[in-house]
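Trainee: Below you'll find the structure I mean.
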Amino acid sequence: MTSIPFDPLLLSVAAPLALALAIALGLPKRWVVKLAYVGFAIPALMALLVWWQFGGAPKEVHGYAFFTSYPTGLEHFGIGLKFGLNGIALPLFVLAGVVGLAAGFYAIQSGAERLKTYLLLLLVMQAGLMGMFASVDVFFFYFFHELALIPTFIMVGIWGGRDRSYAAMTMTIYLTLGAMLSLLGLIAIYVKSGANSFDIMVLRDALASRPLLETAQTHIFGLLLFGFGILVSLWPFHSWAPLGYGAAPSSAAMLHAGVLKKFGLYGLVQIALPLLPLGATHWGHGLAAVAAVGNVLVIGFVTMAQRDLKQMVGYSSVMHMGYAFLGIAVGSTMGVGGVVMLMVGHGLSVALLFLLSTSIYHRTHTFDMDVMGGLAAKAPVLAAFFVAATFASIGLPGFANFWGELPIFVALWNFSHVLTVVALTGTVVSAVYGLRAAARVFFGAQTQAFSSVCDSNPILDLSWGEKLPALVLVAALLFVGLWPRSLSTGINQALSAPPAAVASSR
Amino acid sequence: MDFSHLKDLAAGNNWIAIWPEISLGCLALALLVLEIVLPKAAHGKIPVVSILGQLGILGVLAAHFTVPDRPSFNGLLEQSHGGQLMRVFFLISSILVSVLARVSLAKHRLPRVEFHHIVLVVVAAMMLLVQSRNFVMLFVALETLTIGLYILVSYFRSSAKTLEAGLKYLIMGALSSALLLFGIVLLYGVAGNPSFPDRTTEAMQFGQLAKFLAANPNNFLASVGIVLVLSGVAFKIGAFPFQIWVPDVYQGAPTPVTALLAVASKAAGFIVLLTLMTQAFGPYEWLVLPVLTFMAAGTILFGNLAALKQHNVKRLIGLSGVSHAGFLLLAVVSVPRVSMAVGAIYFYLFAYLIASFSVFGVMTVLAGHDDAEQELGSFSGLSRESPFLAGVLACGLGSLAGIPPLAGFMGKLFVFVAAFKAGHYGLLAVAIAGVVISIYYYFGWIRAAFFNDEPAASPEMARRVRVGGGFALNLVLGLLAAATIILGFYQGPLGAWVSWR
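In order, the protein sequences belong to chains A and B. All residue numbers in the first sequence are consecutive under our numbering, ending with 516. All residue numbers in the second sequence are consecutive under our numbering, ending with 1602.
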């Protein structure tokens, strides 16, 4: 057993859910606001606790620590609520906790209309996010993803910006398609493995002793790739992402782009790659080409052409997913390890960017970058945070993203020289649009439109309600950036274990 | 005279085995008696008696749930675990219909007691129908059920739409009964032909018919008979290509009756189909499976595509019900190869029951005097007027759409796993497409109820929401929504029973 006397993983799921239930049953408003802090803080504290304890915790089965299991009545079916973390799940669990804390605090401070319902939905989403990465059972992994996904649609539809109805509908249909395809792929693994279980550890054992035929692996990997790919905005199925993020309220966009979207990548890394190695080899080159040319290059140029700040952040997140797909296509320990690190870095930085864009909007009353300028003089702290987030997003050393992109590029070089050059071109593109956005918004002379906004209402720098969440995110970015080993040791262990088991059985 | 033969037959009757049906019949008669005996002022309490009586029967049934699988009435009926489950299913449906009917009938000046009376008779007939193991019994039960429904469908007799629905249902129902009967007669005739091996004079009995079919695996007339019987049942469940009556009838029928048609009548049809497939037509799998596969694909596609452009919610839910029949057919075609598909069907039906009645309940509250005119637009602003009703509606629609963590998702999951195990990959692709399409119209409905950019609630709707459905209906709706969520998270004994099969 672990040295922690309670189950931190269950608590991190149950606490927000219980609070959401309490709100649904009619908790008075002043209590809601106070308790919501607790609801977002508990998962974050649990995440930090398990991060701290992970190195020393006993990992009994397949490198999973903190393993616990709760029956739900479907044991004959091979479904059970099982929590546990391995080296791949831990970084994402921590990411979910930290981004959840930032998004939650920001939402509580935002004073949105119908705040109670808004917080209720965010809490449900937070519970889903924590459960998603803590689940050892593939079924519950999917289940918690959907639990987090549904509130997103509702939040976009009710609290969204312009075009919210259309955006919500587009997102719903795209993401349902992706979810259904990946569900079919998961069912295929469940049935074809013959293990009669959705437990990832049982599936690994079953498929290690009796690997599937190459055709089966190819087909199932294809299903998962397209299903998860749509969820992660793989080009050309990306068009929901900028649209949805553009319309989503900021906390929802932070949680979705920062954490929930990582579901697809996590599924590919944790489930598809180890269980279907031949399928991964089969699809690898095609995926790499599409990701490099489509996601990185084409979307990179599309991002460059954006005038709308939030759309730009949305497109840039689609572009950075291209790097993650490249790492998965390569499939080596270094490439995939880079993907996990990139997920953490990107999750933190994109959440920060969404938060800051909304803060900018509150001051300029527009997302159009052409009519902004000179904001740095009025709000220097905001400018500093934005520049830091931009640097992180470009992948400068010192921030977490760097430790994601570097290993991916190194691994990619051995895979294909041409694609490496394409991908590196992408970093230049991303530097161009990132820095240009910072310059347009914050530096240079004030535009006429912006001056008139300044005249009508005085511009203040970041309030504490905005500063604290931003500070949390920047601190996390820097911490992982300066001490990547705190996560990479676990990732290495988890990634190097399964192939060995497969090799020994052959 | 020698009565010993009759005495032997009578000994096999075992009346106690059908006590729920008998009690329902007695309760139905008691309602009519009460109407004569009681003073007019007390007539309002008669529906309450009906509901309490049904609850009592449900309680006793639950207490004596486990029965051994055994035939009664010389093989006309068979009590089984599945039959018990369906008895509970039908009783829950009829209780819910009675609760909805109290609210719905209050908006009209119509006789009330007869409505509740007929609902009880119809439900007893459904129970007998799913336990039938003989074509004569099956047909008699089916006709009792259908004739009751003819009356119920055209109950709001002052409305033109309702009368149209009643007429359409009458003609279509009669046609389907004729097809079914013709199929039965063909099968009976062929099986009695002395020139065939294993001929039988007991061909009405499912088991005997199966023996005959096994001995004559490629008989043309028997094939025609089987296809006709399947067509007759397909009418009842609203499966493609016999689904065209569904939108009109669902729109015209009073909302509680629409619920009865959509849930209980459809479920009865599916259990009949299941019984026929496993017990009577087993040897003709080569014929039954392709026919049902074709139906399943057509039903899923037609239901979802036709629902896309509907603005009347009763038509919409009717067509969405057609697509659910398609998903259930997907499970039915998996039954011969995968034993868990049977459990999947039962679970799906229960999830569908709970979700559908949540939606129908909200519809009943919001319906005006003209029950057929319920448009999507009349739901706009509901979440501001009544968060409770809007929440129940969202749970119901989400579950129908198959969104986790609601019960409907578990139902779809079981069905998909069963279909995958059975190797119906093509049908699965159709089903996935269907689910994605269905998101569009369910989402449109939720959007009307929740989103800000829809126009605010009309004063008329606000008034109806304030009047509400009364304590009983609100309690029922709350329970249904809770059940939808809980069954999604924790399936408990029901899940264990389903997945164990």
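Every residue gets a Cβ at the ideal spot worked out from N, C-alpha and C, and that includes glycine.
Could you pull the start and end residues of the beta strand (DSSP E) that A/Gly94 belongs to?
Mentor: Here the beta strand (DSSP E) through A/Gly94 covers Leu91 to Leu95.
Trainee: Do A/Phe76 and A/Val60 count as a contact pair if the criterion is CB distance below 8 angstroms?
Mentor: Against a cut-off of 8 angstroms, the Cβ pair of A/Phe76 and A/Val60 comes out as a contact.
Trainee: Is the region 327-347 of chain A touching the region 415-430 of chain A in the sense that three or more CB pairs, one from each, lie closer than 8 angstroms?
Mentor: Counting Cβ pairs under 8 angstroms, three or more are found: they touch.
Trainee: Give the residues of chain A in contact with B/Val1536, contact being defined as C-beta atoms less than 8 angstroms apart.
Mentor: Within chain A, the residues near B/Val1536 are Thr186 and Met190.
Trainee: Tell me where the alpha helix (DSSP H) around B/Glu1561 begins and ends.
Mentor: From DSSP, the alpha helix (DSSP H) with B/Glu1561 extends over Pro1560 to Val1568.
Trainee: State the start and end residues of the unbroken beta strand (DSSP E) segment that holds B/Leu1178.
Mentor: First-last of the beta strand (DSSP E) with B/Leu1178: Leu1178 to Gln1180.
Trainee: Should A/Ser461 go down as buried or exposed, given a rule of 16 or more other Cβ atoms within 10 Å for buried?
Mentor: Classification of A/Ser461: exposed, given that the 10 Å Cβ count is below 16.
Trainee: Measure the C-alpha to C-alpha separation of B/Phe1343 and B/Val1286 and round it to an integer number of angstroms.
Mentor: Rounded to whole angstroms, B/Phe1343 to B/Val1286 spans 21 angstroms at the Cα level.
Trainee: Please tell me whether A/Val201 has its Cβ less than 8 angstroms away from any Cβ of chain B.
Mentor: Yes, A/Val201 counts as interfacial toward chain B.
Trainee: Using three-state DSSP, classify A/Arg516 as helix, strand or coil.
Mentor: Note on A/Arg516: pLDDT 31, under 50, position unreliable in the model; the coordinate value appears next. Coil.
Trainee: My understanding is that A/Leu362 touches A/Leu483, with C-beta atoms under 8 angstroms, so please give their C-beta distance in whole angstroms.
Mentor: That belief holds up - the Cβ atoms of A/Leu362 and A/Leu483 are roughly 4 angstroms apart, short of 8 angstroms.
Trainee: From what residue to what residue does the alpha helix (DSSP H) around B/Ala1442 run?
Mentor: First-last of the alpha helix (DSSP H) with B/Ala1442: Met1441 to Leu1467.
Trainee: Quick check: is the beta carbon of B/Arg1548 nearer than 8 angstroms to any beta carbon in chain A?
Mentor: By this cut-off, B/Arg1548 is an interface position.
Trainee: By DSSP's criteria, B/Arg1171 is part of a beta bridge. Which residues make up the other side?
Mentor: DSSP output for B/Arg1171 lists B/Gln1180 as bridge partner(s).
Trainee: Scan the region 278-360 of chain A and note each continuous alpha helix (DSSP H) run of 4 residues or more that stays entirely inside, going in chain order.
Mentor: Here the runs fully enclosed are 287-299, 309-314 and 319-340.
Trainee: What distance in whole Å lies between the Cβ atoms of A/Met135 and A/Thr162, which are believed to be in contact at a cut-off of 8 angstroms?
Mentor: That belief holds up - the Cβ atoms of A/Thr162 and A/Met135 are roughly 7 angstroms apart, short of 8 angstroms.
Trainee: Under 8 angstroms between C-beta atoms, does A/Met10 make it to chain B?
Mentor: Chain A is shown only over 11 to 516; residue 10 of chain A falls outside these bounds and no answer can be derived.
Trainee: Is there contact between the region 1507-1525 of chain B and the region 1542-1549 of chain B, where contact requires at least three CB pairs shorter than 8 angstroms?
Mentor: Counting Cβ pairs under 8 angstroms, fewer than three are found: no touch.
Trainee: Looking at C-beta atoms only, is the number of pairs between the region 1433-1442 of chain B and the region 1469-1479 of chain B that lie closer than 8 angstroms three or more?
Mentor: Not touching, per the Cβ criterion.
Trainee: Give me the chain A residues within the contact set of B/Val1518, using Cβ-Cβ distance strictly less than 9 angstroms, ordered along the chain.
Mentor: By Cβ distance, chain A contributes Phe87, Ile197, Tyr200 and Val201.
Trainee: Measuring CB atoms only, is the region 156-175 of chain A touching the region 111-120 of chain A, in the sense that at least three cross pairs come out at less than 8 angstroms?
Mentor: These segments do not touch.
Trainee: I'd like to know whether the C-beta atoms of B/Phe1651 and A/Ala198 end up nearer to each other than 8 angstroms.
Mentor: An answer regarding residue 1651 of chain B cannot be provided, because it is not within the stretch 1102 to 1602 covered by chain B.
Trainee: Cutting at 7 angstroms between CB atoms, please list the residues of its own chain near A/Tyr371, excluding the five before and the five after it.
Mentor: Correct list, in chain order: Phe377.
Trainee: If you run the structure through DSSP and keep just helix, strand and coil, what is B/Asp1472?
Mentor: In the structure shown, B/Asp1472 sits in coil (DSSP, three-state: anything other than H, G, I, E or B).
Trainee: Is the number of C-beta pairs between the region 1586-1595 of chain B and the region 1447-1455 of chain B that are closer than 8 angstroms three or more?
Mentor: Cβ pair count under 8 angstroms is three or more, so yes.
Trainee: Check whether the Cβ atoms of B/Arg1171 and B/Gln1185 lie closer than 8 angstroms to each other.
Mentor: Taking 8 angstroms as the Cβ cut-off, B/Arg1171 and B/Gln1185 do not qualify as a contacting pair.
Trainee: Does DSSP put A/Phe77 in a helix, a strand or coil?
Mentor: Correct three-state label for A/Phe77: strand.
Trainee: My output table needs one value for B/Gln1306: the three-state DSSP class, helix, strand or coil.
Mentor: Three-state DSSP puts B/Gln1306 in a strand.
Trainee: Report, in whole angstroms, the separation of the C-beta atoms of B/Gly1478 and B/Ala1408, which I expect to be a contact under 8 angstroms.
Mentor: B/Gly1478 to B/Ala1408, Cβ: 17 angstroms. No contact.
Trainee: Are there 16 or more other CB atoms within 10 angstroms of the CB of B/Ala1163, so buried, or fewer, so exposed?
Mentor: Classification for B/Ala1163: exposed.
Trainee: At which residue ranges does the region 171-211 of chain A contain complete alpha helix (DSSP H) runs of 4 or more residues, listed in the order of the chain?
Mentor: With a minimum length of 4 residues, the continuous alpha helix (DSSP H) runs that stay inside the region 171-211 of chain A are 174-203.
Trainee: Counting beta carbon pairs with one atom in the region 1225-1239 of chain B and one in the region 1132-1143 of chain B, are three or more of them shorter than 8 angstroms?
Mentor: The region 1132-1143 of chain B is not in contact with the region 1225-1239 of chain B.
Trainee: Do three or more CB pairs link the region 230-247 of chain A to the region 99-108 of chain A at distances below 8 angstroms?
Mentor: The region 230-247 of chain A is not in contact with the region 99-108 of chain A.
Trainee: Taking C-alpha atoms, which residue in B/Leu1130, B/Pro1355, B/Leu1490 and B/Pro1594 lies nearest to B/Ser1255?
Mentor: Considering only alpha carbons, the answer is B/Pro1355.
Trainee: If we ignore side chains and look at the alpha-carbon of each, how far apart do B/Ala1523 and B/Trp1387 end up?
Mentor: So the alpha carbons of these two residues sit roughly 15 angstroms apart.
Trainee: Let me make sure I understand the geometry here. Which of A/Leu286, A/Leu244, A/Ser498 and A/Tyr325 has the alpha-carbon closest to that of A/Thr225?
Mentor: It is A/Leu286.
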